[in-house]
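Chemist: Structure below; questions to follow.
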Amino acid sequence: AQSVSQHNHHVILSEAASLELGCNYSYGGTVNLFWYVQYPGQHLQLLLKYFSGDPLVKGIKGFEAEFIKSKFSFNLRKPSVQWSDTAEYFCAVSNAGNMLTFGGGTRLMVKP
Amino acid sequence: DTAVSQTPKYLVTQMGNDKSIKCEQNLGHDTMYWYKQDSKKFLKIMFSYNNKELIINETVPNRFSPKSPDKAHLNLHINSLELGDSAVYFCASSPPGVSHEQYFGPGTRLTVT
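From first to last, the protein sequence lines are chains A and B.
Sequence positions in the first sequence follow the numbering used here and run 1 to 112.
Sequence positions in the second sequence follow the numbering used here and run 1001 to 1113.
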C-alpha cells in the first residue's frame, strides 16, 4: 500500500520568507505526484503535478516542487511567501487506479 | 461555470438517519470519486467510479453506498448515520487514464448530532 508523509504539520512564516514543505512517499511503482492547496473554507485546488520528465515542476502562484526519486521526495517550495498563501497544503500520490493518497497536510500561516 | 458541484453544502442530521449527498460534474470526465476529510483535515479516498466500475476502499463501512445514475453524477448515500460520520465530503472527477489531475468540488460539511 502506498503512503504519503508530510513532516511539517504547522508552519508559521513572515511575509517574504522562503518556504519549503517536505513530502515523502512510499510506493513501489511508477508514481504521479501532486500538491494541492486548500484555502480556508474552500475546496482543494491543484498547485502543481509531476507525471514524468523534468523533475523540477513549476506550478501556479510562484510555487515549484522537485521530484527526487532516490529520496522518494516531492518537496514544495516558494522563494517568497505572501499573506494570501495562508492555507492547508496537501501532497498526494496517485496509483494505477488514479486514486489519490494524501499526506496529512501542512497548515501554513503567513504573518503580514 | 462550476466544474464540480455538490449539494447540499451543509447537512446537519441526527444519528440513525439516512442521507444523500449529490455530486455533478460538467467536465465530461469518465471517472468520479468521493473523499472524506475528518476534523484533523486528513483526506482519505472512499470510492472511485469509472464507467460503471466501482472501486471501493475496503475501510469504508457498507453503510456508505455510491450511486451513479449517469457519467456526470455520483451520489453518496449514507445509512444509519453515526457521530463519526461527521466530516467534510469532497467529490472529484478526472479524465480517463492514470496521468490526470482530479478536480474537486466545494465539499459538503456533514454534522451528525
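Even glycine gets a Cβ: it sits at the ideal position worked out from N, Cα and C.
These numbers were taken from a predicted model, which means no experiment stands behind them.
#1: Is it the case that the Cβ atoms of F74/A and F67/A are separated by a distance below 8 Å?
#2: Taking M1032/B and A1092/B to be in contact with their CB atoms under 8 Å, please state how far apart those CB atoms are, rounded to whole angstroms.
#3: By DSSP's criteria, V1012/B is part of a beta bridge. Which residues make up the other side?
#4: Any beta carbon from chain A within less than 8 Å of I1056/B's own beta carbon?
#5: What residues in the stretch 1093–1107 of chain B bring their beta carbon closer than 9 Å to a beta carbon of chain A?
#6: Tell me, please, which residues DSSP counts as bridged to W1034/B.
#7: Run down chain A in chain order and give the residues with a C-beta less than 7 Å from the C-beta of T1031/B.
#8: Does any C-beta atom of chain A lie closer than 8 Å to the C-beta of S1039/B?
#9: Ends of the beta strand (DSSP E) at L1027/B?
#10: Tell me which same chain residues have a C-beta within less than 7 Å of the C-beta of P112/A, skipping the five on either side of it?
#11: Using a C-beta to C-beta distance shorter than 9 Å, which residues of chain A count as neighbours of S1005/B?
#12: So F72/A contacts chain B; which residues on that side make the cut at Cβ distance below 7 Å?
#13: Since W83/A sits in a beta bridge, which residues does DSSP pair it with?
#14: Rounded to the nearest angstrom, what separates S80/A and T101/A at their Cα positions?
#15: I'd like to know if S1086/B contacts chain A, where contact means its C-beta is closer than 8 Å to some C-beta of that chain.
#16: When the Cα atoms are used, what is the spatial distance from K78/A to A1003/B?
#17: Can you find a CB in chain A that lies within less than 8 Å of the CB of F1064/B?
#18: Straight-line CA distance for Y25/A to G53/A?
#19: Quick one: Cα of D1030/B to Cα of E1053/B, how far?
Modeler: On the basis of the coordinates in this document:
#1: With a cutoff of 8 Å on beta-carbon distance, F74/A and F67/A are scored as near each other.
#2: Yes, M1032/B and A1092/B are in contact; Cβ-Cβ is about 7 Å, under 8 Å.
#3: For V1012/B, which the question treats as bridged, DSSP gives the partners T1111/B.
#4: No, no contact with chain A.
#5: Hits within the stretch, in order: S1094, P1096, G1097, V1098, S1099, H1100, E1101, Q1102, Y1103, F1104, G1105, P1106, G1107.
#6: Answer is F1047/B, C1091/B, bridged to W1034/B.
#7: Close partners of T1031/B in chain A (Cβ separation under 7 Å): N98.
#8: No, S1039/B does not count as interfacial toward chain A.
#9: Looking at the DSSP string, L1027/B is not in any beta strand (DSSP E), and its letter there is neither H nor E.
#10: Excluding residues within five positions, the ones whose Cβ falls inside 7 Å are E15, W83.
#11: Neighbours of S1005/B on chain A: none; closest Cβ ~10 Å, over 9 Å.
#12: Simply none; closest approach about 19 Å.
#13: Per DSSP, W83/A has no beta-bridge partner at all.
#14: Distance between the alpha carbons of S80/A and T101/A is about 28 Å.
#15: For S1086/B, not one C-beta of chain A is nearer than 8 Å to its own C-beta.
#16: Roughly 28 Å separates the two Cα atoms.
#17: At a cut-off of 8 Å, the C-beta of F1064/B has no neighbouring C-beta in chain A.
#18: Inter-residue distance for Y25/A and G53/A is about 19 Å (C-alpha atoms, whole angstroms).
#19: Cα to Cα, D1030/B sits roughly 11 Å from E1053/B.
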